[in-house]
Amino acid sequence: MPTKVHVIDHPLVQHKLSLMRRRETPTSEFRALLEEISMLLAYEATRDLAITKQRIETPLEAVDAPVLDGKKVVIVSILRAGNGILDGMLKILPSARVGHIGLYRDHKTLQAIEYFFKVPSDMADRDVIVVDPMLATGNSAVAAIDRLVKTGPRSIKYVCLLAAPEGIAVFQAQHPDVPIYTASIDRCLNESGYILPGLGDAGDRLFGTK
Ligand code: URA
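Be aware that the sequence shown starts at 37, since it is given in the numbering used here, and climbs by one per residue.
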């Protein structure tokens, strides 16, 4: 039984996502919206982070106050569109460590080819959040998780903006224990591997490259 797909159906997320989907939304607005949604996705994806108590002094008295336990989270961005989610997540997790995985999609086979990989050296005690806006065919996501599993992190979660049912199926067949957080499960993929209704090419829309 695969772990849950968490669909973040909060009205603020859904409203902002609809604005992002619109063809006429300009790059600057698209970028800002992705950053805002990413903060909200991070909020949900970090709900179960371990907490410990630390003795602190307020101006009035001492108190055992809750603080995050253990080593810092690692956010791993799948280049290049993952950086749009990374920027938002770092706003609420400013001390998180960051990793990058460069994968490009072979447009004929739709398979993911790795060209870059850099993560912190001490992954064994860390919780990883992998970010990429579009879980489409699932090939990049699976390739990224395959690679990260070899570094032996404490846990892995996957956060995206949109997911296609086909991509979720591929992902869960390979990594049933990795939870997925998404703002929407869209209808399907088209013959070129784009999500429908989707929002187009997330990287192009984020960086204004088309
Ligand atoms: N990547 C994108 O940027 N958009 C899609 O619809 C699918 C993959």
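Glycine is no exception: its CB is placed at the ideal position from the N, C-alpha and C atoms.
Contact belief for residue i with residue j at Cβ below 8 Å, rounded distance in angstroms
i: L69; j: L55; result: 6 Å
i: S176; j: I114; result: 6 Å
i: I73; j: V195; result: I73 to V195, Cβ: 10 Å. No contact.
i: P130; j: D163; result: The pair is not a contact, with the Cβ atoms about 16 Å apart (cut-off 8 Å).
i: V166; j: L184; result: 7 Å
i: V206; j: T39; result: Not really, about 15 Å apart at Cβ, beyond 8 Å.
i: L235; j: T218; result: No, L235 and T218 are not in contact; Cβ-Cβ is about 13 Å, not under 8 Å.
i: L104; j: I87; result: 7 Å
i: L242; j: R133; result: Their Cβ separation, rounded to whole angstroms, is 22 Å, which puts L242 and R133 out of contact at 8 Å.
i: A200; j: D222; result: 6 Å
Coil, strand or helix - residue i by DSSP
i: D123; result: helix
i: A98; result: strand
i: R91; result: strand
i: K52; result: helix
i: D84; result: coil
i: D163; result: strand
i: S191; result: strand
i: L235; result: coil
i: R58; result: coil
i: T245; result: coil
i: E227; result: coil
Residues bridged to residue i (per DSSP)
i: M170; result: L198
i: V41; result: I216
i: I221; result: A199
Buried or exposed by the 16-neighbour rule on C-beta atoms within 10 Å, applied to residue i
i: K193; result: buried
i: S220; result: buried
i: P233; result: exposed
i: A78; result: buried
i: P169; result: buried
i: K89; result: exposed
i: F152; result: exposed
i: L225; result: buried
i: T245; result: exposed
i: K144; result: exposed
Cβ-heavy atom distance, residue i to the ligand MG, below 7 Å
i: Y230; result: The ligand MG is not part of this structure, which contains only the ligand URA.
For this session: Jot down the residue ranges of each uninterrupted beta strand (DSSP E) in the segment 100 to 157, minimum 3 residues, whole runs only, in chain order.
Result: Correct list: 110 to 115, 133 to 141, 148 to 154.
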